[in-house]
Amino acid sequence: MSHPVAPLPSLASVSWPVNVGQAARLAGLSPKMVRYYESLGLLGDIARSEGGYRLYGQSEVQALCFIRRSRAVGFDMEQTASLLDLWRNPTRSSAQVKALAQAQVERLERRIADLQAMQATLETLVHACHGDQRPECAILDSLGSAQEPACCEGGRM
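Here is the structure:
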């Protein structure tokens, strides 16, 4: 079930720089995630106030939005870092970006096929289970069996 997400505020109306809480809100992330992405080096050096508080500029918030969107379509952190580097590189080739995206599409297709196999196996087991007061249960029998269900053959799930 998806939850409605409040629209992100316009970056044009912001007084820069902003603190971590404001940067997080502008990017649609939690402050904890902002600090995590910073710790991975995805944001570069973050300016600090005299009191030691992080100060984020518009480019850092845009990078955070980029990271959030990249993660939302399933790219892992390494892939996201590569895409972020390409995004920041004005001499990049779009062929590089397309190759990364195409590889992600293929990974998603495999994952979807795996999930559909798991669903089909579970549907078969649910149909085979009487779901009554008897202790016999086809679901538990299958999970406890030495024989792999179709969705798990070869160690893949």
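Residues in the sequence shown are numbered from 634 upward in steps of one, following my numbering.
Backbone N, C-alpha and C fix where the C-beta goes; we use that ideal spot for every residue, glycine too.
Treat the numbers as computed from the prediction; the structure is a model and nothing was measured.
For this session: Kindly indicate which residue of GLY690, VAL667, LEU675 has the alpha-carbon position closest to the one of LEU644.
Result: Selected option, being the one with the closest Cα: GLY690.
Exercise. Going by the beta-carbon positions, is the gap between LEU676 and LEU659 smaller than 9 Å?
Worked result: In terms of Cβ geometry, LEU676 and LEU659 do not form a close pair [threshold 9 Å].
Problem set entry | Cut-off 7 Å between Cβ atoms - residues of its own chain near LEU741, not counting five sequence neighbours on either side | Taken in chain order, the residues that qualify are GLY707.
For this session: Please specify which runs of the alpha helix (DSSP H), each continuous and at least 4 residues long, are wholly inside the region 699-752, giving them in chain order.
Result: Runs found: 710-721.
Problem set entry | Per-residue DSSP class, three states only, for LEU773 | Taken through DSSP and simplified to helix, strand or coil, LEU773 comes out as helix.
Exercise. If we call anything under 9 Å between Cβ atoms a contact, is ARG687 one with LEU662?
Worked result: At a Cβ-Cβ threshold of 9 Å, ARG687 and LEU662 do not count as neighbours.
Problem set entry | Exposure label - GLU711; buried when at least 16 CB within 10 Å | By the 10 Å Cβ count, GLU711 comes out exposed.
Exercise. Is the shortest distance between the beta-carbon of ALA656 and the beta-carbons of chain D less than 9 Å?
Worked result: Looking for chain D here will not work: only one protein chain is present.
Exercise. Looking only at C-alpha atoms, which of SER646, ALA734, HIS760 sits nearest to ALA771?
Worked result: The option with the nearest alpha carbon to ALA771 is HIS760.
Problem set entry | MET751 beta carbon near the ligand MG (any heavy atom closer than 8 Å) | Looking at this structure, you won't find the ligand MG or any other ligand, since it has none at all.
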